[in-house]
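Student: Sequential numbering from 251 applies to the sequence shown in the numbering used here.
Here it is: the structure, laid out below.
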Amino acid sequence: MLASLRRAAPLVLDGKESVQEVLPQLEALTSSYSAPAEILAVGQKGTFTAMELLAALRRKGEQRVVPCVRLTKVDAATVEAATKHRQTFRIQGYNHYRLALPSSEKWLDVSTLSRWDSAESDKLLVGNNTSVMPLAKAIAGRVKPLPENQVLLVETVLRGDRDQKRLRVSHLANAVARASAWQVRPVDATKPTRPFDCAVRIRTTGPESPILQVAILPIGAQPQLPEESPQ
């Protein structure tokens, strides 16, 4: 009984396996409606694969079809603990992430896709020269006043040089993780915060496609902003 309640070991991605190779593993991890799952993305290559994997993971024929994740940064020690049984595993890169998926019963329904489409006109773009910190601040600033059940899109083009694509996706993930951490563990606890989850898709239509889109999904209603004191 205790074994059945135990969280499954995380799926560790370092980019050496293709999405087609690891998708069945993640589908198996998420096959139970009541069990959460976890991905550890190692370095730029693993992060790129993780994003592609989440975009490919869908529950066909179900009402709740789109997985949402909580994205956080982890250190090399966390990756080492998860891979200690793999003697040939070598950690490459400096930025690693945990992508925590809730149980499938808490996935997003099909209406989420239409909300993504309505957010196309106001989104944050990640290019080759985009810096992580300004992007993280922009995400945090935009998500706080976002109306409930609306989404903020952060996207980057998946065309061109392979290393540049990985770098852009890495910067995107890093900024999202930073912005999320600020909401969960704020430096100033007196200021309102807005935790959020994420969902991922790859848009394959349009002149710039394919485009990786990360939807920022705020949790709960807008926070009450403090009233300004009269001058």
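Each residue gets a CB set at the ideal place from its N, CA and C atoms; glycine is no exception.
Span of the alpha helix (DSSP H) holding VAL272?
Tutor: 269 to 279
Student: Looking only at its own chain, which residues have a Cβ that is under 8 Å from the Cβ of ALA278, when we skip the five neighbours before and after it?
Tutor: none
Student: Within a Cβ cutoff of 8 Å, which residues of the same chain sit near VAL426, ignoring the five residues on either side of it in sequence?
Tutor: LEU321, ALA386, ILE389, VAL404, CYS448, VAL464 and ILE466
Student: How many Å lie between GLU398 and THR338 at the Cα?
Tutor: 46 Å
Student: Would a check of beta-carbon distances place ASP438 closer than 8 Å to chain D?
Tutor: This model lacks chain D altogether, as it is built from one protein chain only.
Student: Tell me which residues share the same chain as ARG308 and place their Cβ nearer than 6 Å to its Cβ, disregarding the 5 neighbours each side in the sequence.
Tutor: VAL315
Student: Going by DSSP, what residue range makes up the alpha helix (DSSP H) through PHE446?
Tutor: For PHE446, there is no enclosing alpha helix (DSSP H); the enclosing beta strand (DSSP E) has its first and last residue at 446 to 453.
Student: Would you report the Cα separation of VAL450 and GLU312, rounded to the nearest angstrom?
Tutor: 18 Å
Student: Tell me the rounded alpha-carbon separation between ARG416 and THR328.
Tutor: The C-alpha of THR328 is placed about 22 Å away from the C-alpha of ARG416.
Student: Buried or exposed: ARG435, going by 16 or more other Cβ atoms within 10 Å of its Cβ?
Tutor: exposed
Student: Give the range of the alpha helix (DSSP H) segment to which ARG428 is assigned.
Tutor: 412 to 434
Student: Are there 16 or more other CB atoms within 10 angstroms of the CB of GLN474, so buried, or fewer, so exposed?
Tutor: Exposed: under 16 other Cβ atoms inside 10 Å.
Student: State buried or exposed for ILE289, treating a residue as buried only when at least 16 other CB atoms are found within 10 Å of its CB.
Tutor: By the neighbour-count rule (16 or more Cβ atoms within 10 Å), ILE289 is buried.
Student: Here's a check: name, in chain order, each residue in its chain whose Cβ is nearer than 7 Å to the Cβ of GLY410, leaving out the five neighbours to either side.
Tutor: none
Student: Using the three-state DSSP reduction, which class does ALA389 fall into: helix, strand or coil?
Tutor: Before going on, a small fix: residue 389 reads as Ile here, not Ala. The answer is helix: DSSP assigns ILE389 an H, G or I state.
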